[in-house]
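Chemist: Just remember that the numbering used here sits 756 ahead of the position in the sequence shown, which is counted from 1. A single structure is presented below for examination.
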Amino acid sequence: MGASAFGSRKNEEQGEWISISDLMSSLMVIFLFIAIVYIQPLAESQQKVRDIAVTWKQSETQIFDALEKEFRDDLRVWQAELDPLSLEIRFTAPDPKALDASRITLKNLLRANSQRAWDVKSQA
């Protein structure tokens, strides 16, 4: 009788552990679904950020190409270069007659070139 009581108690304890493990497995699945629900919008927003970055890079390239096409001849005359990363025009060896080092003003040579470019655009 003692053996049968001991054996049945062992089965009861084993049955409790099985039901607890089933409960833990169920909780794990529920938390997994919750995690998936929260991760999905995050992945979508990261994709939007990637798309914006790609669009920005393409726009930068298009702007550089347009600036280079527009100022190709003038850059040689001005002794300047166009930086593709910052889209800046840098005067590498400016003519002292064209730029005043003490002030940020255009002298006649650059003013004449700018006016010529403006006249061409306004006639087109």
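The beta carbon of each residue, even a glycine, is placed where N, CA and C say it ideally should be.
Between the C-alpha atoms of D839 and I845, what's the straight-line distance to the nearest angstrom?
Modeler: Your numbering for residue 839 matches position 83 in the sequence shown. Your numbering for residue 845 matches position 89 in the sequence shown. Going from the Cα of D839 to the Cα of I845 covers about 6 angstroms.
Chemist: For E837, which three-state DSSP category applies?
Modeler: Residue numbering aside, residue 837 sits at position 81 when the sequence shown is read from its first letter. In this structure, E837 counts as strand in the three-state DSSP scheme.
Chemist: Run the CB neighbour count on W773, radius 10 Å, all protein chains shown included, and call it buried at 16 or more, exposed below.
Modeler: Start at 1 with the first residue of the sequence shown, and residue 773 comes out as number 17. W773 comes out exposed.
Chemist: Which residues in the same chain have their Cβ closer than 6 angstroms to the Cβ of I790, if we skip the five residues on either side of it in sequence?
Modeler: Stepping through the sequence shown from its first residue, residue 790 is reached at position 34. For I790, where only same-chain residues beyond five positions count, there are no Cβ hits under 6 angstroms.
Chemist: Can you give the Cα-Cα distance for D821 and Q796, rounded to whole angstroms?
Modeler: Locating residue 821 in the sequence shown gives position 65, where the first residue counts as 1. Locating residue 796 in the sequence shown gives position 40, where the first residue counts as 1. Using only the alpha carbons, I get a separation of about 38 angstroms.
Chemist: Among F847, A799 and Q814, whose alpha-carbon lies nearest the alpha-carbon of F827?
Modeler: Walking along the sequence shown from the start, residue 827 turns up at place 71. Of the candidates F847, A799 and Q814, the one whose C-alpha sits nearest the C-alpha of F827 is F847.
Chemist: Rounded to whole angstroms, how far is the Cβ of L783 from the Cβ of I819, which I believe are closer than 8 angstroms?
Modeler: Taking the sequence shown and counting its residues from 1, the one referred to as residue 783 is at position 27. Taking the sequence shown and counting its residues from 1, the one referred to as residue 819 is at position 63. Between I819 and L783 the Cβ distance is about 54 angstroms, and since that is not below 8 angstroms, they are no contact.
Chemist: Report buried or exposed for W812, applying the criterion of at least 16 other Cβ atoms within 10 angstroms of its Cβ.
Modeler: On the sequence shown, position 56 is the one that residue 812 refers to. When all chains shown are included, W812 counts as exposed.
Chemist: Using only the alpha-carbon positions, how far apart do S775 and Q802 sit?
Modeler: Within the sequence shown, the letter at position 19 stands for residue 775. Within the sequence shown, the letter at position 46 stands for residue 802. Those two C-alpha atoms are separated by around 41 angstroms.
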